[in-house]
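Peer 1: 151 is the number of the first residue of the sequence shown in the working numbering; add one for each residue after it.
Beta carbons: idealized from backbone N, C-alpha and C, even for Gly.
Owing to the predicted nature of the structure, the values given are computational and were not obtained by experimental measurement.
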Amino acid sequence: MAIKKVALAGATGALGAPMLQALLDAEFDVTVLTRPTSTHSFPSNVQVKKVEYHDFESLKTALAGQEALISTITTSAIDQQKLLIDAAIAANVQRIIPSEFGCDLENPKARELPVYVDKIELEQYIQSKCRQQSNDEGGTTYTFVFNNAFFDWGLDAKFLLDVAGREMEIYDGGNRPFTTTTLAQVASGTVGVLQRLEQTANRSVRLHGTGLTQKRLLEIAKRVVGTEGWEVTESNCETILKESYANFEKEPANWLGWGIGFLKVAIYGEGFGGDFREKNDNALLGVTELDEKAVEELIRARA
151 MAIKKVALAG
161 ATGALGAPML
171 QALLDAEFDV
181 TVLTRPTSTH
191 SFPSNVQVKK
201 VEYHDFESLK
211 TALAGQEALI
221 STITTSAIDQ
231 QKLLIDAAIA
241 ANVQRIIPSE
251 FGCDLENPKA
261 RELPVYVDKI
271 ELEQYIQSKC
281 RQQSNDEGGT
291 TYTFVFNNAF
301 FDWGLDAKFL
311 LDVAGREMEI
321 YDGGNRPFTT
331 TTLAQVASGT
341 VGVLQRLEQT
351 ANRSVRLHGT
361 GLTQKRLLEI
371 AKRVVGTEGW
381 EVTESNCETI
391 LKESYANFEK
401 EPANWLGWGI
411 GFLKVAIYGE
421 GFGGDFREKN
431 DNALLGVTEL
441 DEKAVEELIR
451 ARA
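#1: What number of angstroms, rounded off, separates the C-alpha of residue 191 from the C-alpha of residue 167?
#2: Thinking residue 316 and residue 381 are a contact (beta carbons under 8 Å), I'd like their distance in whole angstroms, please.
#3: Have a look at the DSSP bridge pairing and note the partners of residue 385.
#4: Applying the criterion that 16 or more other CB atoms from any shown protein chain within 10 Å of the CB defines a buried residue, is residue 396 buried or exposed?
#5: Quick check: what's the CA-CA separation for residue 325 versus residue 345?
#6: Which of the three DSSP states, helix, strand or coil, is assigned to residue 203?
#7: Any chance you could list the alpha helix (DSSP H) runs of at least 4 consecutive residues sitting entirely within the stretch 170 to 243, in chain order?
#8: Which one or two residues does DSSP pair with residue 361 in a beta bridge?
#9: Identify which residue in 185, 309, 277 and 270 has its Cα closest to the Cα of residue 410.
#10: From this set, 363, 313, 289 and 376, which residue's C-alpha is nearest residue 347's C-alpha?
#11: Kindly confirm or deny that the stretch 241 to 256 and the stretch 201 to 219 touch, where touching means at least three C-beta pairs closer than 8 Å.
#12: Within 10 angstroms of the Cβ of residue 298, are there 16 or more other Cβ atoms? Answer buried if so, exposed if not.
#13: Of the residues 239, 260 and 232, which one's Cα is nearest the Cα of residue 271?
#14: Less than 6 Å between C-beta atoms, sequence neighbours within five positions excluded: which residues of the same chain meet that for residue 176?
#15: Exposed or buried, residue 210, counting other C-beta atoms within 10 Å across all chains shown (16 or more means buried)?
#16: Do the stretch 354 to 363 and the stretch 319 to 336 meet, that is, are 3 or more Cβ pairs less than 8 Å apart?
#17: Based on the DSSP output, what are the partners of residue 246 in its beta bridges?
#18: Kindly indicate which residue of 277, 367, 434 and 405 has the alpha-carbon position closest to the one of residue 443.
#19: Per DSSP, which one or two residues make a beta bridge with residue 299?
#20: Could you work out which residue in 248, 174, 379 and 363 is closest to residue 424 when comparing CA atoms only?
#21: Whose C-alpha, out of 386, 371 and 221, is nearest the C-alpha of residue 379?
#22: Between which two residues does the alpha helix (DSSP H) carrying residue 429 extend?
#23: Output the distance between the C-alpha atoms of residue 185 and residue 383, rounded to the nearest integer angstrom.
#24: In three-state terms, what does DSSP make of residue 159?
#25: Indicate whether residue 269 and residue 239 have their beta-carbon atoms separated by less than 8 Å.
#26: For the beta strand (DSSP E) containing residue 346, list its first residue and its last residue.
#27: Should residue 291 go down as buried or exposed, given a rule of 16 or more other Cβ atoms within 10 Å for buried?
#28: Nearest-angstrom Cα distance between residue 419 and residue 390?
#29: Distance, Cα to Cα, residue 249 vs residue 294?
#30: Can you give me the C-alpha to C-alpha distance between residue 352 and residue 434, rounded to a whole angstrom?
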């Protein structure tokens, strides 16, 4: 059964904005959920429903008649996410795509990292809720979308490398390939999920934007902005992992003190599943891999 009506939570965020555009380009009827205090303006062909994320009835009313829900709100808002899932199921939404975007949480080593506790809790919650009503005709299904590192966001946040500042941190020698995916590719793949409901029901999908080593990424960046003035530091994922666990045990409330380190290990570390080249759903979901010219252009835009 084809989906036409899609509700989007978090439409003004870094991923939410390109997600909204991709849905509109694919001619879905889109309703965005916003907080009562929001003053953001949306295109005239977008319906806006103001909701209280802590109020089940508010969410259920807003989701009435919707066929799919995509959430791009922060996963750390775990209680809000659970209530949103409850409301979607109560409103008979056919497909839920929760805010799982990131590393491959089916990889056992990545799954153990404390930085993913909220995502795994949400994953297990939605699986349990969907199983409870799976025998019902037309019950709610879910899809988890994994994309490893965000490419354009990673450049903007200077997480992958600092193009303008000519700085980069290299992990474990920089020769291990990793997947990095643009926000637009993630949005495109998510639209593909809604267009292929049967093939994507109650499973995860992997989006592979492009596969690079850190050394290759640095070579491309140097080709774009020049070879002079770069500050490149060498780090070890095992050391980062130990330091992150130590910081987590010492100051669990200080997310920046340990969370970033765990993310780096999940993306670049050996055995953490950060390379989707051989196992991805690009062909199924209509996602086109970036070529090197496109990588150059993304870097050049931030020089």
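Peer 2: Per the coordinate set shown:
#1: Numbered from its first residue, the sequence shown carries residue 191 at position 41. Numbered from its first residue, the sequence shown carries residue 167 at position 17. Their Cα atoms are separated by approximately 12 Å.
#2: By one-based count along the sequence shown, residue 316 stands at place 166. By one-based count along the sequence shown, residue 381 stands at place 231. Contact between residue 316 and residue 381 holds, since their C-beta atoms are separated by about 7 Å, short of 8 Å.
#3: By 1-based counting over the sequence shown, the position of residue 385 is 235. Partner(s): 321.
#4: Locating residue 396 in the sequence shown gives position 246, where the first residue counts as 1. By the 10 Å Cβ count, residue 396 comes out exposed.
#5: In the sequence shown, counting from the first residue as 1, residue 325 sits at position 175. In the sequence shown, counting from the first residue as 1, residue 345 sits at position 195. The alpha-carbon of residue 325 is positioned some 36 Å away from that of residue 345.
#6: Here residue 203 refers to the residue found at position 53 when the sequence shown is read from its first residue. Secondary structure of residue 203 (DSSP, three-state): coil.
#7: Counting whole runs of 4 or more residues, the stretch 170 to 243 contains the alpha helix (DSSP H) stretches 206 to 213 and 228 to 240.
#8: As a first step, residue 361 is located in the sequence shown; it is residue number 211 there, counting from the start. Answer is 329.
#9: Reading the sequence shown from its first residue, position 260 is the one you call residue 410. Comparing Cα positions, the closest option is 309.
#10: Counting from one through the sequence shown, the residue named residue 347 turns up at place 197. Comparing Cα positions, the closest option is 289.
#11: The stretch 241 to 256 makes contact with the stretch 201 to 219; the number of CB pairs closer than 8 Å reaches 3 or more.
#12: Here residue 298 corresponds to residue number 148 of the sequence shown, with the count starting at 1. Buried.
#13: Stepping through the sequence shown from its first residue, residue 271 is reached at position 121. Ranking 239, 260 and 232 by Cα distance to residue 271 puts 232 first.
#14: Position 26 of the sequence shown, counting from 1, holds the residue named residue 176. 341.
#15: Within the sequence shown, residue 210 is the residue found at index 60, counting from 1. Classification of residue 210: buried, given that the 10 Å Cβ count is 16 or more.
#16: Yes: at least three Cβ pairs fall under 8 Å.
#17: On the sequence shown, position 96 is the one that residue 246 refers to. BP columns for residue 246 point to 219 and 292.
#18: Taking the first residue of the sequence shown as position 1, residue 443 is located at position 293. It is 367.
#19: As a working mapping, residue 299 is identified with position 149 in the sequence shown. According to DSSP, which records beta bridges pairwise, residue 299 is partnered with 330.
#20: The residue labelled residue 424 in the question sits at position 274 within the sequence shown. For residue 424, the nearest C-alpha among the options comes from 363.
#21: Here the question's residue 379 lines up with position 229 in the sequence shown. With distances taken between Cα atoms, residue 379 lies closest to 371.
#22: As a position in the sequence shown, residue 429 is number 279, starting the count at 1. Looking at the DSSP string, residue 429 is not in any alpha helix (DSSP H), and its letter there is neither H nor E.
#23: As a working note, residue 185 is residue 35 in the sequence shown. As a working note, residue 383 is residue 233 in the sequence shown. Cα to Cα, residue 185 sits roughly 42 Å from residue 383.
#24: Here residue 159 refers to the residue found at position 9 when the sequence shown is read from its first residue. DSSP, reduced to helix, strand and coil, places residue 159 within a strand of the structure shown.
#25: Working through the sequence shown from its first residue, we reach residue 269 at position 119. Working through the sequence shown from its first residue, we reach residue 239 at position 89. Contact flag unset, no.
#26: As a first step, residue 346 must be located in the sequence shown, where it is residue number 196. From DSSP, residue 346 is part of no beta strand (DSSP E); its letter is neither H nor E.
#27: Taking the first residue of the sequence shown as position 1, residue 291 is located at position 141. Using a 10 angstroms sphere on the CB of residue 291, the tally of other CB atoms reaches 16 or more, which defines it as buried.
#28: Mapped onto the sequence shown, residue 419 falls at position 269. Mapped onto the sequence shown, residue 390 falls at position 240. Each residue's Cα considered, the two are about 10 Å apart.
#29: On the sequence shown, position 99 is the one that residue 249 refers to. On the sequence shown, position 144 is the one that residue 294 refers to. So the two alpha carbons sit approximately 8 Å from each other.
#30: If you number the sequence shown from 1, residue 352 lands on position 202. If you number the sequence shown from 1, residue 434 lands on position 284. Each residue's alpha carbon lies about 15 Å from the other.
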